[in-house]
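Data first, discussion second: the structure below is written as structure tokens.
Residue numbers (the numbering used here): 895 to 1251.
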């Protein structure tokens, strides 16, 4: 995973996106302003220290939320590939298809951890500390309770969506059907949350802004995440090698496009061709690239000028589960180059995925 590697916990790699610092900064600023406005802190320096501590603790709180998911998933026998933290929270990359009850347990573990942290921070407020520390602790308590409750909203990509799907699928409903139901519920829930946000703004409550943003987030991501979950369910048990189509012998990047078309019958059964340089595949060229120039220019245009170069994110092992491929960030080529023993054996394009739906 790209990003800043923070270390491992129980074998789980933890990576923070640079935007996670924005989350810590924003939360710290809110705490700092609160301390100064209510005159709870004796000096700006002390307020700044408490703000920094609060920013770090909110990120660690989100990490605890994700670790709860990871620990329960590991106990279920699933493999946790890593945890990523970013500006809007975090997510765990978990491999394997759990049973409905296992999915329920994994999903609910995160919100319960956040609510538990909220309770701990409330208890800490009762300790003999200064008003400034108590106010900082109260902010962390409220934030963790809010994280726990918000994540229980019944819609993807929130934990509540998977909690609901686990409950629905546990009653015998097909997983794909359950996914569609949850995606729809998430969209409607987002509209309700936005309506509440508007109501709060009408009564001049600044909290309405956060409800509006949260509702928009739910609505905009519910259907997209639901569709991805449907695809993941449809590809259960398949590997990259099962859906790929084989490529012919790679053509050199110095070859002219017209010669390539004559040589490999490009445009018929061959939709995409691998391109090599010094014996190594460096790119791909397909119908979309060929059609980007007039046929009259094919004879004078080398393949290297039209091909799309491939990078590490475009490469996938033949035995990699297809559901894991769906979780990847797409590469620059828009295709997945399939390899076995460091040799290119095929390619996966959108049409290949469509055949298995």
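No residue lacks a Cβ here, since even glycine has one placed at the ideal position from N, Cα and C.
Closest Cα partner of residue i within the set the options
| i | options | result |
| --- | --- | --- |
| residue 1138 | 1230, 1098 and 1039 | 1230 |
| residue 963 | 1153, 946 and 984 | 984 |
| residue 1010 | 1095, 1166, 943 and 1041 | 1041 |
| residue 1015 | 951, 1043 and 1000 | 951 |
| residue 1073 | 1021, 965 and 1121 | 1121 |
| residue 1143 | 1119, 1170, 1136 and 1134 | 1170 |
| residue 1183 | 1155, 1213, 1174 and 1021 | 1155 |
| residue 1243 | 1136, 1013 and 944 | 1136 |
| residue 1172 | 1158, 1147, 943 and 1185 | 1147 |
| residue 1012 | 956, 989, 1106 and 907 | 956 |
| residue 1119 | 1204, 1077 and 920 | 1077 |
| residue 1005 | 905, 1158 and 1043 | 1043 |
| residue 919 | 1185, 943 and 968 | 943 |
| residue 993 | 931, 939 and 1066 | 1066 |
| residue 991 | 1157, 1132 and 1185 | 1132 |
| residue 968 | 914, 1097, 939 and 903 | 903 |
Check whether residue i and residue j have beta carbons under 7 Å apart
| i | j | result |
| --- | --- | --- |
| residue 1038 | residue 996 | no |
| residue 1007 | residue 958 | yes |
| residue 1117 | residue 1069 | no |
| residue 1045 | residue 1036 | no |
| residue 981 | residue 1034 | no |
| residue 1188 | residue 1178 | no |
| residue 1003 | residue 974 | no |
| residue 925 | residue 1031 | no |
| residue 929 | residue 1025 | no |
| residue 953 | residue 922 | no |
| residue 1089 | residue 1232 | no |
| residue 1111 | residue 1216 | no |
| residue 1212 | residue 1234 | yes |
| residue 988 | residue 972 | yes |
6 Å CB neighbourhood of residue i in its chain, flanking five on each side removed
| i | result |
| --- | --- |
| residue 1149 | 1197 |
| residue 1028 | 1019 |
| residue 1201 | 1169, 1177 and 1179 |
| residue 1102 | 1091, 1094 and 1095 |
| residue 1107 | none |
| residue 907 | 976 |
Other residues of its chain near residue i: CB distance less than 8 Å, five sequence neighbours each side excluded
| i | result |
| --- | --- |
| residue 998 | 1056, 1057, 1060, 1061 and 1064 |
| residue 1085 | 1109 and 1113 |
| residue 1105 | 1087, 1088, 1090, 1091 and 1094 |
| residue 1246 | 1137, 1138 and 1139 |
| residue 1175 | 1144, 1168, 1169, 1204, 1231 and 1238 |
| residue 931 | none |
Close beta carbons around residue i, own chain, < 7 Å, minus the five adjacent residues each side
| i | result |
| --- | --- |
| residue 1193 | 1150 and 1152 |
| residue 1075 | 1062 |
| residue 1079 | 1048, 1049 and 1058 |
| residue 1219 | 1134, 1210 and 1230 |
| residue 1195 | 1150, 1151 and 1187 |
| residue 1214 | 1133 and 1134 |
| residue 1054 | 1045, 1046, 1047 and 1048 |
Burial state of residue i (16 or more Cβ within 10 Å)
| i | result |
| --- | --- |
| residue 1114 | exposed |
| residue 961 | buried |
| residue 1141 | buried |
| residue 1166 | buried |
| residue 1181 | exposed |
| residue 1238 | buried |
| residue 1083 | buried |
| residue 1000 | buried |
| residue 1190 | exposed |
| residue 1023 | exposed |
| residue 941 | buried |
| residue 1206 | exposed |
| residue 1208 | buried |
| residue 927 | exposed |
| residue 1240 | buried |
| residue 905 | exposed |
One or two residues paired with residue i in a DSSP bridge
| i | result |
| --- | --- |
| residue 1307 | In this structure the chain extends from 895 to 1251, so residue 1307 is not present and cannot be described. |
| residue 1240 | 1232 |
| residue 1211 | 1233 |
| residue 1202 | 1178 |
| residue 1167 | 1179 |
| residue 1133 | 1215 |
| residue 973 | 989 |
| residue 899 | 909 |
| residue 1139 | 1241 |
| residue 1145 | 1169 |
Check: residue i C-beta below 6 Å from any heavy atom of the ligand FAD
| i | result |
| --- | --- |
| residue 1039 | Judged by which ligands are present, the structure shown has none, so any question about the ligand FAD falls away. |
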